[in-house]
Every structure is written in structure tokens, then in C-alpha cells.
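A short write-up of the structure that comes next.
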């Protein structure tokens, strides 16, 4: 049986990545030659466009009545993805505290993947069903709206911060990565956890 040389496999994977993304771009990222200013500027602009679209989806778009009783699993899926993201973030923190950088990166990429899938599911849910009005009253309503407001505001802040933190990591600017990650991590974790909490409130009073 033929045996694969690990070095040859890694070299092959590296060449494939070079072909996919472009050799010059990969080398520039690894050497830190890409200037951060235009990239961060693009991240801020892209985040602004994404947030504007979501606000339009929430407060302007009218959901079609045809989907009133269909795809009702999406809110639960969103909560699950938020929960998985929170777990991946905590695992990633554990690994970096123990200086396991490879496992840390894998965990954070998983958290990013969960958040990305959540965003797609979230958009689909609101496009099909619209916004859900919380029917509770009194102290419960005040608590729910406070959590929801903080969740929405910090999710707007988290998007460009997460992308910027990943950019610094992928380009080898680990000093800047660590500095911004100290703020990105708790915000990202809070947004993920409160996403689950918001679902629990709606599950108890609205769904």
C-alpha cells in the first residue's frame, strides 16, 4: 500500500490554496505586507451595508403571508447556532490560555462558521416571517426589551470587530490581534448568549 509523505501533502494543499486565492495575496498576507487601513475601511463599509440591509429587513420589509406556518424551525435553529458559537468561543479561549494556538484557531473558525450560518438563517427567518412582537407586559417586557436592545446594538458593533480581529490574525499581526480580541471576545460572546436568551423569552411568550 502506498504511503503519503505528510510534507508532500501539506505542500500540495498549500499549492492548491495559492492557486485558489492567488500566490501574491497569500505571500503578502503571511508577510504582513497588506496595509490594514484600506482593509479595515472596507470592513467598516461592508458592515454598514450589511447592518442597513438588516434594519430594512426588520422594519421596512413585509413578510409574505404564504410562509406564516412554514419553516417555523428557523428561530430554534438560530438559537442553536448562537449556542454553538458561544461554546466554540469559550473553547477557543481555553485553548489560547493554554497556548494551543492551532486548536484556538480551529475553535474560532468554528465560531465564525456558526455565526455566518446563523446570519443566513436569521435573514431567511425575517424575510419569510417578519419580526416577532413580544406579547409580555410589565417587568418581563422591560427585561426582554433591555436584553434585546443590548443584543442588537452590540451585534452591530461586533460585526466589524470580528472581521478586523480575523484580519489581524490571518495577516500575522498578532499583537494587534490580541489587543482588539480583548474587546471582540466578550462582545461576541454576549451577543451569542443573548441570542439564545431572546429565543427563550419568545418561546415562552410568543411561539
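Residue numbers (our numbering): 113 to 319.
Ideal placement from N, C-alpha and C gives every residue a C-beta, glycine not left out.
Keep in mind the model is a prediction, meaning the values are calculated, not measured.
For residue j and residue i, believed in contact at Cβ under 8 Å, the rounded distance
i           : j           : result
residue 186 : residue 233 : 6 Å
residue 314 : residue 198 : At roughly 18 Å, the Cβ-Cβ gap does not stay under 8 Å, so residue 314 and residue 198 are not in contact.
residue 200 : residue 222 : 4 Å
Local conformation of residue i per DSSP, three classes
i           : result
residue 176 : coil
residue 318 : coil
residue 313 : helix
residue 300 : helix
residue 183 : coil
residue 340 : The requested residue 340 is not part of the displayed model; the chain covers only 113 to 319.
Boundaries of the alpha helix (DSSP H) in which residue i is found, first to last residue
i           : result
residue 194 : 186-209
residue 147 : Run containing residue 147: none; DSSP gives neither H nor E here.
residue 263 : 251-282
residue 235 : 213-241
Contact set for residue i: own chain, Cβ-Cβ below 8 Å, skip 5 residues either direction
i           : result
residue 299 : 266, 269, 270, 273
residue 156 : 272
residue 190 : 230, 233, 234, 237, 307, 311
residue 171 : 243
residue 183 : 236, 237, 240, 241
residue 176 : 240
residue 245 : 318
Sequence-distant residues of its chain with Cβ nearer than 7 Å to residue i (five each side left out)
i           : result
residue 203 : 219
residue 142 : For residue 142, the predicted model reports a pLDDT of 46, less than 50, meaning its position is unreliable; a value from the coordinates is still stated below. Result list for residue 142: 284, in chain order.
residue 309 : 259
Contacts around residue i, its chain only, beta-carbon distance under 6 Å, and the 5 residues preceding and following it disregarded
i           : result
residue 291 : none
residue 304 : 194, 197, 198
residue 137 : Confidence is the limiting factor: at residue 137 the pLDDT is only 42, short of 50, which leaves the residue's position unreliable and the question unanswerable from this model.
residue 316 : none
Within 8 Å, strictly: CB atoms of residue i and residue j
i           : j           : result
residue 321 : residue 289 : This structure gives no information on residue 321, because the portion of the chain shown stretches from 113 to 319.
residue 261 : residue 277 : no
residue 356 : residue 205 : Given a span of 113 to 319 for the chain in the structure shown, any question on residue 356 remains unanswerable.
residue 207 : residue 215 : yes
residue 188 : residue 247 : no
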